[in-house]
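Colleague: Would you mind keeping the following structure in view while I ask a few things?
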Amino acid sequence: AAATTAGLFKPEEGPAYADTIMGILSANPADLDDRFLLVEHRDGGMAAMQWFYDYCVANNYVKRAQLDRNPRFDSHGLTVTINLAKPEFKNMKKAAAGNAVAGGYPKCTICHENEGFAGRDKRTLRTLPVTLGGESWFWQFSPYGYFDQHGICVNTDHTPMHVDRDTFGHLLDFVDRFPGYFLGCNAALPRIGGSVLAHDHYQGGGELLPMHKAATWAAFTLADYPDAVVEILDWPGTAVRVVSKNRQSIIDVSDIIREAWVGYDDAANGIASHDADGNRQSALSPSAIITERGYEMSLIFRNNAISDEYPEGIFHAHPEYWPVKQEPIGLIEAQGLFILPGRLVDQLGIVEEALAEGRDLPDEVSEFSLEWGELAETLAGNRDREAIHQAVRDELGSVCYRILGNTAVFKQKATTQTFLESLGFAAR
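First residue of the sequence shown: 9, per our numbering; consecutive thereafter.
The following block contains the structure:
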């Protein structure tokens, strides 16, 4: 601030100057790797990750203060955040365009060549080498994380996103080394996955998400794998959880479910594994953690089919909820942590003010007519501002819960059970 006041540079140039200065002050990547390994050897993987995270906050790559400013609350069994820094991408084409790098170097925003790269203001970016399945990957923290120690694990080779049998082993390799983290993978298809589909990567961090803690609706076993249990989750989306202390059983059972799902057709329930042109529409999003029960591999069933009624996706947030959330539902939100657009702070402030003053819904926020009607019914004339604010938060949680219901490929838990039973699973 003092430098801009003195006229040394314009305010909008501040971040670039800060990146340059902190990049010079930041440790050499090789030295940082050595330090990480020393801490890991002495105190374990989780302590080393905490040290690395604190370093990335200290050198200003991770904007922790920005994360702490984001409104965050729990509602309807979900965690809802309003991200004040993240731009809103309402469709995957726009998101993908935002993650492309003109000129071809680096090939995308998550390539390893971005580490310390001045051309992308990544001078302070530092990464950590990780071996998954005998392959070279690396970990980096997200500058504007959605939760504690949020980061991505990226294939060192620029290769497209995919989920196959090896994916499950990769996720387990990571949580074996960092047992307090979760690591998961977006569905490798547009509209239901991440915005960077051209480069294979996983997402995770040091905070368990609501779906990891979801209750069990019913449990099943497969005769060939008696040491593994598959639980249908009591969750608005369609998800199961494979639990075992035997990592090979986790991999085998997860892959049995994956292979069956990506080829599954069910006209009665509107599920087609491929579109009319033969393009695959079904995919699985896995997410691994370690608990006292052993390994837990959550599997989220996704499908990106479209229709005339739902051109953005049949199993996407339906249009009546777009004022709250129109962006695709990726891995993090499918697990119950919603990232809502920053515009909602002002828009819902207008809604709250109108409710407090007993006015009609203002024209500038007329798109919130659904939420307005439900809030009016809930409040029943109550104009207490704190009650209104809490009602708005409850309404946001309710909408997010319904959006997850939109993404569910099986609308009834019994249909998920029928699918598992068709693979030979029996109720436990």
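Where a beta carbon is used, it is the ideal one built from N, C-alpha and C, also for glycine.
In terms of DSSP beta bridges, what is Ile-240 paired with?
Modeller: Ile-240 pairs with Ala-226, Val-248.
Colleague: Rounded to whole angstroms, what is the Cα-Cα separation between Arg-410 and Pro-244?
Modeller: Going by the C-alpha atoms only, they are around 8 angstroms apart.
Colleague: Considering only the alpha carbon of each residue, which of Val-270, Ile-200, Thr-224 lies closest to His-324?
Modeller: Nearest option by C-alpha distance: Ile-200.
Colleague: Could you tell me if Lys-253 is buried or exposed, where buried requires 16 or more neighbouring beta carbons within 10 angstroms of its beta carbon?
Modeller: Exposed.
Colleague: If we ignore side chains and look at the alpha-carbon of each, how far apart do Asp-82 and Leu-356 end up?
Modeller: Computed Cα separation, rounded: 17 angstroms.
Colleague: Less than 7 angstroms separating the Cβ of Ala-384 from some heavy atom of the ligand ATP?
Modeller: For the ligand ATP, the structure offers nothing, since it holds no ligand at all.
Colleague: Check whether the segment 343 to 351 touches the segment 79 to 97, counting contact only when three or more Cβ pairs, one atom from each stretch, lie closer than 8 angstroms.
Modeller: Because the criterion of three Cβ pairs below 8 angstroms is met, the segment 343 to 351 and the segment 79 to 97 touch.
Colleague: Going by CA-CA distance only, name the one from Val-332, Asp-208, Phe-418 that's closest to Met-115.
Modeller: Per the sequence presented here, residue 115 reads as Lys, with Met not at that position. The candidate whose alpha carbon is nearest that of Lys-115 is Asp-208.
Colleague: Hey, quick one: how far does the alpha helix (DSSP H) through Asn-191 stretch, first residue to last?
Modeller: In the sequence under discussion, the amino acid at residue 191 is Leu, which differs from the Asn named in the question. Here Leu-191 belongs to no alpha helix (DSSP H); instead the beta strand (DSSP E) covers 190 to 192.
Colleague: Classify Thr-415: buried if its beta carbon has 16 or more other beta carbons within 10 angstroms, exposed otherwise.
Modeller: Buried, because 16 or more other Cβ atoms sit within 10 Å of the Cβ of Thr-415.
Colleague: Apply the 10 Å Cβ neighbour rule to Arg-351 and answer buried if 16 or more other Cβ atoms are within range, or exposed otherwise.
Modeller: Exposed, since its Cβ has fewer than 16 Cβ neighbours within 10 Å.
Colleague: Pop quiz: Asp-174 and Gly-141 are said to be a contact at Cβ under 8 angstroms. What is the actual Cβ separation, rounded to whole angstroms?
Modeller: Between Gly-141 and Asp-174 the Cβ distance is about 5 angstroms, and since that is below 8 angstroms, they are a contact.
Colleague: What does Ala-434 pair with, by DSSP beta-bridge criteria?
Modeller: For Ala-434, which the question treats as bridged, DSSP gives the partners Thr-229.
Colleague: Can you list, in chain order, the residues of its chain whose CB lies under 6 angstroms from that of Gly-53, leaving out five sequence neighbours each side?
Modeller: Cβ neighbours of Gly-53 beyond the five flanking positions: Arg-185, Phe-186.
Colleague: Let's test the definition: count the other Cβ atoms within 10 Å of the Cβ of Lys-221 and tell me whether it reaches 16, buried, or not, exposed.
Modeller: Exposed: under 16 other Cβ atoms inside 10 Å.
Colleague: Beta-carbon within less than 7 angstroms of Arg-72's beta-carbon, same chain only, minus the 5 sequence neighbours each way: which residues are those?
Modeller: Hits under 7 angstroms: Val-65.
Colleague: Output the distance between the C-alpha atoms of Ala-399 and Gly-321, rounded to the nearest integer angstrom.
Modeller: If I take the Cα positions, the gap works out to 29 angstroms.
Colleague: Which same chain residues end up closer than 6 angstroms to Ser-144 when comparing Cβ atoms and leaving out the 5 residues on each side of it in sequence?
Modeller: The residues are Thr-164.
Colleague: From Tyr-272, Leu-431, Val-237, pick the residue whose C-alpha is nearest to that of Gly-302; which is it?
Modeller: With distances taken between Cα atoms, Gly-302 lies closest to Val-237.
Colleague: In this structure, does DSSP put Gln-6 in helix, strand or coil?
Modeller: Outside the shown range of the chain (9 to 436) lies residue 6, about which nothing can therefore be said.
Colleague: Which partner residues does Leu-136 have in the DSSP bridge list?
Modeller: Answer is Trp-147, bridged to Leu-136.
Colleague: Shortest alpha-carbon distance to Gln-74 belongs to which of Thr-135, Ser-34, Asp-156?
Modeller: Out of Thr-135, Ser-34, Asp-156, Asp-156 has the C-alpha closest to the C-alpha of Gln-74.
Colleague: Using a Cβ-Cβ cutoff of less than 8 angstroms, which residues in the same chain neighbour Gly-432 once the five nearest sequence positions on both sides are dropped?
Modeller: For Gly-432, where only same-chain residues beyond five positions count, the Cβ hits under 8 angstroms are Leu-230, Ala-231.
Colleague: Short of 6 angstroms in beta carbon distance, which residues of its chain neighbour Lys-130, apart from the five on each side in sequence? Order them along the chain.
Modeller: Only Asn-122 meet the Cβ criterion.
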